[in-house]
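Taking it in order: structure first as structure tokens, then the write-up.
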Amino acid sequence: MIDEISQVHRPKLGSEIPIIIFRAFRHFSANYANDLLGERGANLVFQNAGKDLGKEVSKLIFDQNIEKYLSNIINFVKDEKIGILIPVELSENRIILQLDECITCAGMSNIGKRICHFEVGFAQGLVEAYLNKKIKAHESKCGANGEGICEVTLEINNA
Ligand SMILES: [Zn+2]
1 MIDEISQVHR PKLGSEIPII IFRAFRHFSA NYANDLLGER GANLVFQNAG KDLGKEVSKL
61 IFDQNIEKYL SNIINFVKDE KIGILIPVEL SENRIILQLD ECITCAGMSN IGKRICHFEV
121 GFAQGLVEAY LNKKIKAHES KCGANGEGIC EVTLEINNA
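Numbering (this note's numbering), first residue to last: 1 to 159.
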């Protein structure tokens with residue numbers, strides 16, 4: 001799907017949009033999905049969609065060398081203005097990634113919940129593509145929850 005949507009023909013308006021427009025699409029869709037499917041269901045839709053995107057993007061930036069792959073991810077996330085990715089922990093059983101200046105929630109008011117499920121899935125998809133297996137992922141901090149930064153914790157079961 002990336003190929004199809006990458007073809008932009010907007011000779012007068014160009015390819016950039018204000019971030020508030022992205023957020024309006026993102027948050028209004030999430031709220032409506034919540035009403036329709038309940039919070040658990042809606043969160044899963046966003047997380048799984050993010051995971052599919054993460055897997056697609058991994059094909060574009062993949063490298064067998066983990067250091068190189070990580071640096072490709074950091075650059076991609078920065079160049080596409082998704083946020084500033086900060087690896088906090090990279091161990092055999094657990095990966096913790098923070099996302100500063102998160103596209104979805106940086107600077108928004110504290111609404112008392114973590115909401116960046118798409119980003120969680122995105123990170124999960126990128127890591128699953130590398131490890132070639134399913135892993136667990138959850139959001140362990142979120143700007144929308146008053147925690148000042150977004151953070152994804154990925155649990156790798158090596159058993
Ligand atoms: Zn967040």
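For glycine and all other residues, C-beta sits at the position ideal for the given N, C-alpha and C. On a predicted model such as this, the values are computed, not experimentally measured, just so you know.
Proximity test, residue i beta-carbon vs ligand 1 heavy atom, cut-off 7 Å
| i | result |
| --- | --- |
| residue 114 | yes |
| residue 139 | yes |
| residue 153 | no |
| residue 143 | yes |
C-beta contact flag for residue i and residue j at 8 Å
| i | j | result |
| --- | --- | --- |
| residue 114 | residue 155 | no |
| residue 125 | residue 59 | no |
| residue 61 | residue 73 | yes |
| residue 137 | residue 110 | no |
| residue 118 | residue 33 | no |
| residue 42 | residue 24 | no |
| residue 53 | residue 122 | yes |
Nearest-angstrom Cβ-Cβ length linking residue i and residue j, presumed shorter than 8 Å
| i | j | result |
| --- | --- | --- |
| residue 103 | residue 78 | Contact flag wrong, Cβ pair sits at about 11 Å. |
| residue 55 | residue 128 | 7 Å |
| residue 96 | residue 153 | 5 Å |
| residue 120 | residue 139 | 5 Å |
Jot down the residue ranges of each uninterrupted alpha helix (DSSP H) in the segment 42 to 91, minimum 4 residues, whole runs only, in chain order.
-> 66 to 79
Run through the segment 87 to 155 for me and flag every whole alpha helix (DSSP H) of 4 or more residues, listed as ranges in chain order.
-> 117 to 131
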